[in-house]
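Heads up: the structure comes next, in C-alpha cells.
In the working numbering, the protein residues as written are 52 to 610.
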C-alpha cells in the first residue's frame, strides 16, 4: 500500500479542526468538573498532598499508569520506533523494566517511612533543614525537565491538529507562535488542576486519562493489525520499506551503537550512549518525585505494592501497543511524512490515526474524526502528567522548604497548602518558558534526561538512607547535589543543548561532552559522592536508623 505521504503536507480540513477543538474542550470541561468536585473534598494538608490516603490498589495503579504513560510514551516512543525501528523500542523496554526496581527497592519502604514527599524519608534520621532543602531543589529540577517534555509534545500535537505548519497561519498566528500559544495554554490548565484540586483532583484526572489512553491505543492497534490481516511479517516488511532505511530499520544500530567506518571514537561514544540511556531508564523511575508521591496516596504498604503490580500490568500492555503504533506509522504514514510534520517524530501516532481514519472510514472526515479522538487522548495524557509533576514539585517547596526549613516546622496546614499553590504557579511559568526553546527535541528523549537526573541525584540518597546504617546528613547532601550537578552540567555541555542540528541552540556550539545521555557518568558520581560525604563526616545515629528500619519494613509508626 502507498503511504499517505500527502497527509502532513495537506492542510487539515476545517471539519477536523472543529471536531478536535470540540473534543478537547469536552475533555477539559469534564476534568475541570472533577477537579472542582475534588477541591470540595480537600480540607486538610493530607487531602491536598496525598488525597486523604483513600485510594485502592487498582485506583492508584491506574493513576500511576496515568502519571507514567506521558507524552513521551504515547507521542515520543511511537515516533522513535516509526523513525528508528528497533532502536526506538529500547525506550519501551527501559521504561517498563524500571518498574521492577521501583517495586523491589522503593515502593513499600517509602510508603511505610514517609508522609507526603521523598524528603520525609531522607530527613528522618538526619538534620532536617539542609536535607529538605536539597531534596526540594532536586525535586524541582527533575520535575522541570519532565515538564518541558510534556509541553513540547503539546506544541507539536496542536500544530498537527490545526493544520499549522511553516508558511501557514491559524487565527492570525504563524506556526511558531501557535505552538508557543499552545504551550502556554497547557501550562495554564495544569496549574488550575493542581491549585484547585490537589492530589485528589489530579488522581481522578489521571485515572480517567489512563482509561482513555488504553482504549484509544487499543483501537489503533486493532485497526493497524486488521489492515495487515494480523500478519506481523507483512506489517514489519511494509514498515522497513516505507521507512526509507530498508532491512536496517528492523536491526539495531540506526540511532544507538552506530558503527562509523574509520572513526573508532565516534563508534565507541555511540555505544556508550546506548548503555548510558539504558542505565538511566532502568534506575530513573525509582527516583522520580511525582511517582514516589503516589505511594503515599494509599492507606497501607500492602496496597502500595498492589498498586505497583497493577501499574506494571497496565504500563506493560501499553508499551506492547507502542510497537504496533510505531511500526504502523512507519508503514502507513511513511518516514518522510512524519519528519515533514515534526522533525523529532512526535506526531507519528496522531498521523497514524489520521491515515487509519481515511483507510477505514473514507475521505477526510474519517481521518478527521479518528485524528480528533486520538488527539483528545494525547491532550488528556499531557494534562494529567503535567498536573502530577507540578503537584510533586509544589508540594516539595511547601512541605519541605517552606514548612520545615523556613518555618522550622511551625507552619500551619493552611499556610503550607497556600504556599504549595503559589509555587505551582511559579514552577509552571518556568517550565513554560524553557519549553519554548526545546521544541526541536523528541519528547521521549527529553524524558530520558529527566530519568538520568532523577537517578543521579535522588536514587543514591534514597537507597543509602533506607539501607546503609552509617549514612548521614553530609552523605545525603553530597549525593543529591553531586549527582544533580553532574547530570545537569553534562547535559548543558552535551550535543543536546548545542553543537548539533537538533539541539536546543542549533546555531551555537559549546559542547565538549560527547554523549547525549549523561547517566553512565552522573549516576556513579551520585553514589560515589554519597559515600565520600558519609565517610568524611563523623555524624551517625544508629538508634534513628534502627527506628527507620523497623518503620520501613513493618509500617509501625508511619502516618
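We put the beta carbon where it would ideally sit given N, CA and C, even for glycine.
Checking the DSSP bridge columns, you'll see residue 549 partnered with 556.
The beta carbon of residue 514 sits closer than 7 Å to those of 156, all from its chain and outside the five residues before and after it, given in chain order.
Per the coordinates, the alpha-carbon of residue 257 lies some 8 Å from the alpha-carbon of residue 116. The region 309-325 and the region 391-406 do not touch, with fewer than three beta-carbon pairs separated by less than 8 Å.
In the structure shown, residue 224 adopts extended strand secondary structure according to DSSP, grouped into three states.
For the 8 Å CB-CB criterion, residue 132 and residue 374 form a contact.
Ranked by how close their Cα comes to the Cα of residue 354, the residues 106, 475, 472 have 106 in first place. Counting only residues of its own chain and dropping the five nearest sequence neighbours on each side, residue 438 has a CB closer than 7 Å to the CB of 241, 244, 245, 253, 256.
Each residue's CA atom was taken as its position, placing residue 73 and residue 416 some 15 Å apart. The alpha-carbon separation between residue 171 and residue 388 amounts to approximately 49 Å.
Restricting attention to beta strand (DSSP E) runs no shorter than 3 residues, the region 168-205 encloses none.
Put simply, the backbone Cα of residue 316 is about 34 Å away from that of residue 201. Nearest neighbour of residue 332 by Cα position, chosen from 500, 363, 302, turns out to be 500. Spatial neighbours of residue 299 in its own chain (CB-CB distance under 7 Å, excluding positions within 5 residues in sequence) are listed in chain order as 305. Spanning the alpha carbons of residue 261 and residue 205 requires a straight line of approximately 17 Å.
Between the C-alpha atoms of residue 80 and residue 267 there is a straight-line separation of about 19 Å.
Considering only 235, 76, 108, the residue with the shortest C-alpha distance to residue 486 is 235. Taking each of 366, 130, 291, 292 in turn and checking the Cα distance to residue 114, the smallest one comes out for 366. Scanning its chain for C-beta atoms nearer than 6 Å, with the 5 sequence neighbours on each side dropped, one finds around residue 425 the residues 267, 401, 404, in chain order.
Secondary structure in the region 263-302: no beta strand (DSSP E) run of 3 residues or longer lies completely within the stretch. Here residue 557 is exposed. Its C-beta has fewer than 16 other C-beta atoms within 10 Å.
Here the C-alpha atom of residue 479 lies approximately 43 Å from the C-alpha atom of residue 297.
Each residue's CA atom was taken as its position, placing residue 185 and residue 521 some 19 Å apart. In the DSSP assignment, residue 594 falls within the alpha helix (DSSP H) that extends over 593-605.
The Cβ-Cβ distance between residue 176 and residue 456 does not fall below 8 Å.
Contact between residue 385 and residue 293 holds, with the beta-carbon distance rounding to 5 Å and staying under 8 Å. Remark: three or more beta-carbon pairs, one from each stretch, lie closer than 8 Å, so the region 558-569 and the region 528-543 are flagged as touching. Cα atoms of residue 118 and residue 223: separation of roughly 35 Å, rounded to the nearest angstrom. Taking the Cα positions, residue 510 is about 26 Å away from residue 432. The beta carbons of residue 362 and residue 112 sit about 5 Å from each other, so the pair counts as a contact at 8 Å. Between residue 504 and residue 196, the C-beta spacing is below 8 Å.
Judged by DSSP secondary structure, residue 523 falls outside any alpha helix (DSSP H); it is assigned neither H nor E. Boundaries of the alpha helix (DSSP H) around residue 466: 464-486. Taking C-beta atoms under 8 Å as the contact rule, residue 153 and residue 336 qualify, at a distance of about 5 Å. Annotation: the continuous alpha helix (DSSP H) that includes residue 402 extends over 399-412. Annotated three-state conformation of residue 395 is coil, per DSSP.
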